[in-house]
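Number of protein chains: 4
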Amino acid sequence: MSIRVTVWGENVHEQKNKVVAGIYPDTMHGTIAAALNRESGITASTVTLQDVEHGLTPERLAETDVLIWWGHAAHGDVSDAVAERVAEAVWSGMGIIFLHSAHFSKPFKRLMGTPCNLSWREAGERERLWVTARQHPIARGLPDHFELEHEEMYGEPFGIPEPLETVFISWFAGGEVFRSGLTWRRGAGNVFYFRPGHETYPTYHDTNVQRVIANGVRWAFNPEARLADPTTAPNRPVASALEPIEERGPRLHHDGEEGYR
Amino acid sequence: MSIRVTVWGENVHEQKNKVVAGIYPDTMHGTIAAALNRESGITASTVTLQDVEHGLTPERLAETDVLIWWGHAAHGDVSDAVAERVAEAVWSGMGIIFLHSAHFSKPFKRLMGTPCNLSWREAGERERLWVTARQHPIARGLPDHFELEHEEMYGEPFGIPEPLETVFISWFAGGEVFRSGLTWRRGAGNVFYFRPGHETYPTYHDTNVQRVIANGVRWAFNPEARLADPTTAPNRPVASALEPIEERGPRLHHDGEEGYR
Amino acid sequence: MSIRVTVWGENVHEQKNKVVAGIYPDTMHGTIAAALNRESGITASTVTLQDVEHGLTPERLAETDVLIWWGHAAHGDVSDAVAERVAEAVWSGMGIIFLHSAHFSKPFKRLMGTPCNLSWREAGERERLWVTARQHPIARGLPDHFELEHEEMYGEPFGIPEPLETVFISWFAGGEVFRSGLTWRRGAGNVFYFRPGHETYPTYHDTNVQRVIANGVRWAFNPEARLADPTTAPNRPVASALEPIEERGPRLHHDGEEGYR
Amino acid sequence: MSIRVTVWGENVHEQKNKVVAGIYPDTMHGTIAAALNRESGITASTVTLQDVEHGLTPERLAETDVLIWWGHAAHGDVSDAVAERVAEAVWSGMGIIFLHSAHFSKPFKRLMGTPCNLSWREAGERERLWVTARQHPIARGLPDHFELEHEEMYGEPFGIPEPLETVFISWFAGGEVFRSGLTWRRGAGNVFYFRPGHETYPTYHDTNVQRVIANGVRWAFNPEARLADPTTAPNRPVASALEPIEERGPRLHHDGEEGYR
Chain A
5 MSIRVTVWGE
15 NVHEQKNKVV
25 AGIYPDTMHG
35 TIAAALNRES
45 GITASTVTLQ
55 DVEHGLTPER
65 LAETDVLIWW
75 GHAAHGDVSD
85 AVAERVAEAV
95 WSGMGIIFLH
105 SAHFSKPFKR
115 LMGTPCNLSW
125 REAGERERLW
135 VTARQHPIAR
145 GLPDHFELEH
155 EEMYGEPFGI
165 PEPLETVFIS
175 WFAGGEVFRS
185 GLTWRRGAGN
195 VFYFRPGHET
205 YPTYHDTNVQ
215 RVIANGVRWA
225 FNPEARLADP
235 TTAPNRPVAS
245 ALEPIEERGP
255 RLHHDGEEGY
265 R
Chain B
5 MSIRVTVWGE
15 NVHEQKNKVV
25 AGIYPDTMHG
35 TIAAALNRES
45 GITASTVTLQ
55 DVEHGLTPER
65 LAETDVLIWW
75 GHAAHGDVSD
85 AVAERVAEAV
95 WSGMGIIFLH
105 SAHFSKPFKR
115 LMGTPCNLSW
125 REAGERERLW
135 VTARQHPIAR
145 GLPDHFELEH
155 EEMYGEPFGI
165 PEPLETVFIS
175 WFAGGEVFRS
185 GLTWRRGAGN
195 VFYFRPGHET
205 YPTYHDTNVQ
215 RVIANGVRWA
225 FNPEARLADP
235 TTAPNRPVAS
245 ALEPIEERGP
255 RLHHDGEEGY
265 R
Chain C
5 MSIRVTVWGE
15 NVHEQKNKVV
25 AGIYPDTMHG
35 TIAAALNRES
45 GITASTVTLQ
55 DVEHGLTPER
65 LAETDVLIWW
75 GHAAHGDVSD
85 AVAERVAEAV
95 WSGMGIIFLH
105 SAHFSKPFKR
115 LMGTPCNLSW
125 REAGERERLW
135 VTARQHPIAR
145 GLPDHFELEH
155 EEMYGEPFGI
165 PEPLETVFIS
175 WFAGGEVFRS
185 GLTWRRGAGN
195 VFYFRPGHET
205 YPTYHDTNVQ
215 RVIANGVRWA
225 FNPEARLADP
235 TTAPNRPVAS
245 ALEPIEERGP
255 RLHHDGEEGY
265 R
Chain D
5 MSIRVTVWGE
15 NVHEQKNKVV
25 AGIYPDTMHG
35 TIAAALNRES
45 GITASTVTLQ
55 DVEHGLTPER
65 LAETDVLIWW
75 GHAAHGDVSD
85 AVAERVAEAV
95 WSGMGIIFLH
105 SAHFSKPFKR
115 LMGTPCNLSW
125 REAGERERLW
135 VTARQHPIAR
145 GLPDHFELEH
155 EEMYGEPFGI
165 PEPLETVFIS
175 WFAGGEVFRS
185 GLTWRRGAGN
195 VFYFRPGHET
205 YPTYHDTNVQ
215 RVIANGVRWA
225 FNPEARLADP
235 TTAPNRPVAS
245 ALEPIEERGP
255 RLHHDGEEGY
265 R
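The listed protein sequences correspond, in order, to chains A, B, C and D.
Under this note's numbering, think of the first position of the first sequence as 5, with each following residue one higher.
Under this note's numbering, think of the first position of the second sequence as 5, with each following residue one higher.
Under this note's numbering, think of the first position of the third sequence as 5, with each following residue one higher.
Under this note's numbering, think of the first position of the fourth sequence as 5, with each following residue one higher.
Here you go:
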């Protein structure tokens, strides 16, 4: 059985900017998916912002084990309904990986509950990622650090909730640091944020970066059945209580009714 | 100096339901605020859903050190703009305490990034809260457990992110358990969820419950200056980099420009 | 490839107490191992306190992917050297599962850094375990709760550090609650504590309990190579610094020397 | 009321090394204590390794609200009994701050349950500390980053458990990063690790460093009464169960007896 990955690409820079199109003639999402398809046990395909419902219909999400998200220039063009649908899919058990500027995407902000802001500089400077969690599945097969000669800088403070685990921290030539590999769990879904990937540099052609993304897919994959309704709040009537109790005192609700939401 | 608390009350049940009005002739929010005003170093007042902008204007939030939220029947009547304003105030450093059915309020769901669902039963059954974090500031002055003879049951799983700390866990006569005192940090703001407080029982007259809420206020209070803009994502131009670097490679952005959001 | 499990049994009650011997004619550790050997992809064997070096030689630990620990009456008879060896194996990547009264074992206390204390009562009362982390790998295949009709009670507060994740919470008929399924990471090793398993009740014959232990084994298994020395603190001389720097100011140490420990 | 701080100094380098003695004519611990004594609401004094019981008698610990620990060359000379006594004091509610090379001290390793290792280089290079938790009490009054022109490098991976909160991350000129301000809770005690402070540089004369340590003292202070016995594991006999239960099945223990440890 193969892990089914959908790579969501904003697909704006590739169409409008010659530099980006030159680095990624097969688009960024296409490059990421192609690298994943060279891995055993992973099958990746792509959808984009421009597709109907941004390519993220309920059917598509139901068939996606892990969603990868890259967006930058058009966060605001993603419909609120699709962003909420993605969040619900995560709660039901879909894994999700947010790349680079997806820190400001609607689904990431929705899942974090924080501003997700940071400082930044686009100078093609050297980034060095240090593994902070030795032998973590997301760091599988990596050296203790690796470098990207040209990257955009993201600097702390990063406006996120404390993560479950910090897997990578980046050093930048200009003097900043950044928590660049972080995990959370939201409902039944595993969430991984990975920092590198500015569109004007060839980051997604880098073998270490490709390794991290493939590792992240395997880590984020939850083989359990997807929850049918991850938001349900069931009433448990007195008559079916696990221990014998008698109803006492006044009440507002009827047995088995829907609660207020 | 006193900690300025605003107690936000939905104020629906007290107006519509004779049982609730009988238990809380001064309303639930009024009862909570009155108990806090008996504490040294705390000054509490109230606002309600029915007030203009639900009483939560930017000015009011700027003067609120800790906001307490009780809502149940009318979560949907809270405007999205006010919910977002509350979240931003938390990120900027305002403390917030969510009580009981506020688990489904817009601000709580916004700050958690999860469904915040649970199971429930309204049978007036016994709840026993156990302190799980000994000598935690929120458990100050409490015995190792305390009971509420009549409460609504909330049962696990509780659809929240892993908390920073688990302070209380509840036992219910009907056979369920629930993490009933939980902390998180969101931006510069401290968040505390406290389970008890169903409107048809006299929970907010209970001295242990009052003690927890007052402790929670002191814990949630962040004496630091409020962040002017907790969502800012500043560009740091090459010319002002902390270490001398030279710009290299192509770029999309101009120095000092606003990034995409 | 199979996950190699070693079940460590204290093996005292089974030899001295007729009730325990009657419930577990194949010993407790033998029963646990037999259940694991019925799982695909897991190979389990046993060692005991009475074996040379308690059965936990360096060679044995090197060939153990996941160690399961059950002890109660003879925690003090475990040698400090073996306890430390177990901790180092965990740091290097061996998974470990502590069962029931192993909360007071030397390796658990060593790995937690806390007292690991709790309250307790031996009355054969009903325990009900609630899943708090839906679709977590350790809860795979379980209902939302399950019961053990006769168990020893363990009550909060449980003297442990905040866990990475809370997977189960127990309800007890006598009125207590307990966090009964908890995870941590220590170095490269995954740690799982699971509460049930008092020696005078048939807990390890229960299929749900067996399911949790098998799930725990798969969760705790780290397929990465074991770290050769998980405690090393390497000096990185100036000459091999990743960025060009010059030595400045006074120093105490010589290049490449061992630091103080 | 004043927070009573005890600064524990190893006091070896100051006596043996002219460079260190020149930078710290009043010793390192003396310098740290003097800075704290300039703060309102803090009273600091010092003890050293060479004192009877290293200055850390039960009486002294009982009168210490927050202990600060600096050690490097003589970790092994600290008696195991005193290290365990310090851990117990923390569990009972004493705050503790570990500075720099105290990452390898016995009490820190005991409280963490991990190797606490790292990589290092003594080159007097520039360290820049970034605040990662905005408006955190430990970062009170600090700019968003500050620099130490000459420091020893500590590099990731840092062999610690995931912290409660990451407050600072350091950038080093030679290319490494390090989580340099971290918090944990152990029992009723708050634990703070702060990285800077190599003995051959004037770090503890730096006003930002002094600010962090004073903030850390206020954060670590737990005003609650110290727990008399933080390791107790009380038996709760059936007769005094909170809910009426009857004893069922066989048992090993007598009512009220001490459990096995």
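Just so you know, even glycine gets a beta-carbon here, dropped at the ideal spot from N, CA and C.
All values derive from a computational prediction rather than experimental measurement.
For A106/A, the nearest candidate out of D259/A, G201/A, A229/A and Y208/A (CA to CA): The sequence position of residue 106/A within the first sequence is 102, counting from 1. It is G201/A whose Cα lies nearest to the Cα of A106/A.
Buried or exposed (CB count within 10 angstroms, at least 16 for buried), T211/A: Against the first sequence, residue 211/A aligns to sequence position 207. It counts as exposed.
Min CB distance S123/C to chain D below 8 angstroms: Counted from its first residue, the third sequence places residue 123/C at position 119. Answer yes: the Cβ-Cβ gap between S123/C and chain D drops below 8 angstroms somewhere.
Beta carbon of H209/B nearer than 8 angstroms to that of V171/B: Reading the second sequence from its first residue, position 205 is the one you call residue 209/B. Reading the second sequence from its first residue, position 167 is the one you call residue 171/B. Going by C-beta atoms, H209/B is not nearer than 8 angstroms to V171/B.
CA-to-CA distance, M116/C to I164/D, given in whole angstroms: Looking up residue 164/D in the fourth sequence gives position 160. Looking up residue 116/C in the third sequence gives position 112. Looking at the two C-alpha atoms, the distance is approximately 11 angstroms.
Contained alpha helix (DSSP H) runs [length at least 4] in the segment 6 to 67 of chain B, N- to C-terminal order: 17 to 20, 22 to 27, 32 to 41 and 62 to 66
Beta-carbon proximity list for T47/D, same chain, < 6 angstroms, skipping 5 on both sides: Within the fourth sequence, the letter at position 43 stands for residue 47/D. Hits under 6 angstroms: S6 and R8.
Assumed close pair T207/B, L152/B - CB separation to whole angstroms, cut-off 8 angstroms: Your numbering for residue 207/B matches position 203 in the second sequence. Your numbering for residue 152/B matches position 148 in the second sequence. Indeed, because the Cβ distance is near 6 angstroms, the residues count as touching under 8 angstroms.
Minimum Cβ-Cβ distance from E160/A to chain D less than 8 angstroms: As a working note, residue 160/A is residue 156 in the first sequence. So yes, E160/A belongs to the interface.
For T211/D, the first and last residue of its enclosing alpha helix (DSSP H): Counting from 1 along the fourth sequence, the entry for residue 211/D is found at position 207. Note, T211/D: alpha helix (DSSP H), T211 to A224.
C-beta contact flag for E129/B and F176/B at 8 angstroms: The residue you call residue 129/B lines up with position 125 of the second sequence. The residue you call residue 176/B lines up with position 172 of the second sequence. Yes; because the gap between Cβ atoms is below 8 angstroms, this pair is in contact.
Min CB distance I2/D to chain C below 8 angstroms: As displayed, chain D neither begins before 5 nor continues past 265, which places residue 2/D out of reach and without an answer.
Short Cβ contact (8 angstroms threshold) for I101/C with F225/C: By 1-based counting over the third sequence, the position of residue 101/C is 97. By 1-based counting over the third sequence, the position of residue 225/C is 221. No, they are not a contact pair.
Residue ranges of each beta strand (DSSP E) within the segment 77 to 139 of chain C, 3 or longer: 99 to 103 and 123 to 135
Integer-rounded CB distance, given that E156/C should sit under 8 angstroms from R125/C: On the third sequence, position 121 is the one that residue 125/C refers to. On the third sequence, position 152 is the one that residue 156/C refers to. That pair is a contact at about 7 angstroms.
Exposure of A127/C, with buried meaning 16 or more beta-carbon neighbours within 10 Å: Numbered from 1 along the third sequence, position 123 holds the residue referred to as residue 127/C. Label assigned to A127/C: buried.
Three or more C-beta pairs below 8 angstroms linking the segment 242 to 261 of chain B and the segment 64 to 82 of chain B: no
Unbroken beta strand (DSSP E) run spanning S184/A, endpoints: The residue you call residue 184/A lines up with position 180 of the first sequence. Segment V181 to R190, the beta strand (DSSP E) holding S184/A.
Residue-level contact to chain B via CB, V23/A, 8 angstroms cutoff: Taking the first residue of the first sequence as position 1, residue 23/A is located at position 19. Taking Cβ atoms only, chain B reaches closer than 8 angstroms to V23/A, which makes this a yes.
Strand pairing of S174/D, partner residues [DSSP]: Locating residue 174/D in the fourth sequence gives position 170, where the first residue counts as 1. Looking at the DSSP assignment, S174/D forms a beta bridge with L133/D and F182/D.
Sequence-distant residues of its chain with Cβ nearer than 6 angstroms to S123/D (five each side left out): Translated into the one-based positions of the fourth sequence, residue 123/D becomes position 119. For S123/D, where only same-chain residues beyond five positions count, the Cβ hits under 6 angstroms are G159.
Beta-carbon proximity list for T31/A, same chain, < 7 angstroms, skipping 5 on both sides: By 1-based counting over the first sequence, the position of residue 31/A is 27. Result list for T31/A: G13, N15 and E18, in chain order.
Range covered by the beta strand (DSSP E) that runs through Y205/D: Taking the first residue of the fourth sequence as position 1, residue 205/D is located at position 201. Per DSSP, Y205/D belongs to no beta strand (DSSP E) and is neither H nor E.
G159/A - containing beta strand (DSSP E), residue span: Sequence index remark: in the first sequence, residue 159/A carries index 155 (1-based). First-last of the beta strand (DSSP E) with G159/A: H149 to G159.
Cross-chain neighbours of W188/A in chain B, by beta carbon under 9 angstroms: As a first step, residue 188/A is located in the first sequence; it is residue number 184 there, counting from the start. Here the neighbours are G117, P165 and E166.
Inter-residue CB distance, N194/A and G99/A (contact presumed, cutoff 8 angstroms): Position 190 of the first sequence holds residue 194/A. Position 95 of the first sequence holds residue 99/A. Between G99/A and N194/A the Cβ distance is about 5 angstroms, and since that is below 8 angstroms, they are a contact.
Contacts of R144/A in chain C (Cβ-Cβ under 7 angstroms): The count along the first sequence starts at 1 and reaches residue 144/A at position 140. Ordered by position in chain C, the residues that pass the 7 angstroms Cβ test against R144/A are E228.
8 angstroms Cβ cutoff met for R138/A and A192/C: Here residue 138/A corresponds to residue number 134 of the first sequence, with the count starting at 1. Here residue 192/C corresponds to residue number 188 of the third sequence, with the count starting at 1. Going by C-beta atoms, R138/A is nearer than 8 angstroms to A192/C.
Supposed contact pair I173/C and T136/C - C-beta distance, whole angstroms, cut 8 angstroms: The sequence position of residue 136/C within the third sequence is 132, counting from 1. The sequence position of residue 173/C within the third sequence is 169, counting from 1. About 5 angstroms separates the two Cβ atoms, so the contact holds.
Collapsed DSSP secondary structure at I72/B in the structure displayed: On the second sequence, residue 72/B is found 68 positions in, with the first residue counted as 1. Residue state, collapsed to three classes: strand.
Beta-carbon proximity check, I72/C vs L53/C, cutoff 8 angstroms: Looking up residue 72/C in the third sequence gives position 68. Looking up residue 53/C in the third sequence gives position 49. Cβ atoms of I72/C and L53/C: not closer than 8 angstroms.
Beta-bridge pairing of F198/C - partner residues as DSSP gives them: Numbered from 1 along the third sequence, position 194 holds the residue referred to as residue 198/C. For F198/C, which the question treats as bridged, DSSP gives the partners L103/C and G185/C.
Identity of the residue in I27/D, R114/D, A37/D and G145/D nearest R89/D by Cα: Position 85 of the fourth sequence, counted from the first residue, corresponds to residue 89/D. Checking every option, the nearest Cα to that of R89/D belongs to R114/D.
Close Cβ partners of E251/C (< 7 angstroms) along its chain, the five nearest in sequence each way excluded: Here residue 251/C is taken as the residue at index 247 of the third sequence, counted from 1. Cβ within range, chain order: V242.
Proximal residues to E203/A (C-beta, below 6 angstroms), its chain only, five neighbours per side dropped: By 1-based counting over the first sequence, the position of residue 203/A is 199. Result list for E203/A: H17 and V24, in chain order.
Within-8 angstroms CB hit, A245/B to chain D: As a working note, residue 245/B is residue 241 in the second sequence. With 8 angstroms as the cut-off, A245/B does not count as an interface residue toward chain D.
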